[in-house]
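Chemist: Structure provided below as structure tokens; questions to follow.
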Amino acid sequence: MIGGSNFARSGLISAALGLSAKDESKLKARAMTALERVYATGLANRRADTLDYPVTKRVAIARALISEPRILLLDEPAGGLGPQDIEWMNSLIHNLSSQCSVILVEHHMDVVMSVCNRLYVLNFGQVIASGDVESVRRNPDVVAAYLGAHA
């Protein structure tokens, strides 16, 4: 699943990290659980460099989930995705947010508005609004900066 999978098979990564065979087995189980959470179990034996771009986004999220985070930071998860993949990403983020806190940095405002329950909106590094989705959606500074006059 990762570019260095050949090293993992030879045990170099385990040795470098000081992992025992038992630890490596636990790590593999966590990796499979993470792939399940992003609906990608069929990718476990695929090389990352053979995956389409939208799929690599899912694998990246799975990699973050292996550490079983309480807070998951997603930096532009919808960036570079087409409409169908963005819709899928919305669903995934929504599902993940029921399992851990998600901090999202995103320029696709439709994604932000559909998956977030509390927002901080920045414009040129300054917070221009914060609050629930509806109050931010109606904020004139947010409308001017991101949503356009017809939001």
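Under the working numbering, think of the first position of the sequence shown as 167, with each following residue one higher. All C-beta atoms, glycine included, are put in the ideal place defined by N, C-alpha and C.
(1) Beta-carbon within less than 7 Å of Met-198's beta-carbon, same chain only, minus the 5 sequence neighbours each way: which residues are those?
(2) So, for Gly-297: in the same chain, excluding its five sequence neighbours on each side, which residues have a beta-carbon less than 6 Å away from its beta-carbon?
(3) In this structure, does DSSP put Gln-250 in helix, strand or coil?
(4) State yes or no: is the C-beta of Leu-247 within less than 7 Å of the C-beta of Pro-220?
(5) What residue from Val-293, Glu-242, Cys-266 has the CA that sits closest to Val-277's CA?
(6) Count the other CB atoms within 10 Å of the CB of Asn-172; is the residue buried (16 or more) or exposed (fewer)?
(7) In angstroms, rounded to a whole number, what distance separates the CA positions of Thr-371 and Ala-214?
(8) Give the DSSP-derived three-state secondary structure of Leu-217 in the structure shown.
(9) On a CA-only basis, which of Ser-257, Val-281, Ala-195 is nearest Val-271? Give me that one, please.
Modeler: In brief:
(1) For the purposes of this step, residue 198 is taken as residue 32 along the sequence shown, with counting starting at 1. Closer than 7 Å at Cβ, skipping near neighbours: Thr-207, Ala-210.
(2) The count along the sequence shown starts at 1 and reaches residue 297 at position 131. Excluding residues within five positions, none has a Cβ falling inside 6 Å.
(3) In the sequence shown, counting from the first residue as 1, residue 250 sits at position 84. Gln-250 falls in the helix class under three-state DSSP.
(4) As a first step, residue 247 must be located in the sequence shown, where it is residue number 81. As a first step, residue 220 must be located in the sequence shown, where it is residue number 54. Against a cut-off of 7 Å, the Cβ pair of Pro-220 and Leu-247 comes out as a contact.
(5) Sequence index remark: in the sequence shown, residue 277 carries index 111 (1-based). Nearest option by C-alpha distance: Glu-242.
(6) Locating residue 172 in the sequence shown gives position 6, counting from the first residue. With a pLDDT of 49 at Asn-172, under the threshold of 50, the modelled position of that residue is not reliable, and the figure given next carries that caveat. So Asn-172 counts as exposed.
(7) The structure shown does not extend to residue 371, since the chain spans only 167 to 317, so no value can be given for it.
(8) Counted from its first residue, the sequence shown places residue 217 at position 51. Coil, per DSSP.
(9) The count along the sequence shown starts at 1 and reaches residue 271 at position 105. Taking only the C-alpha atoms, the option nearest Val-271 is Val-281.
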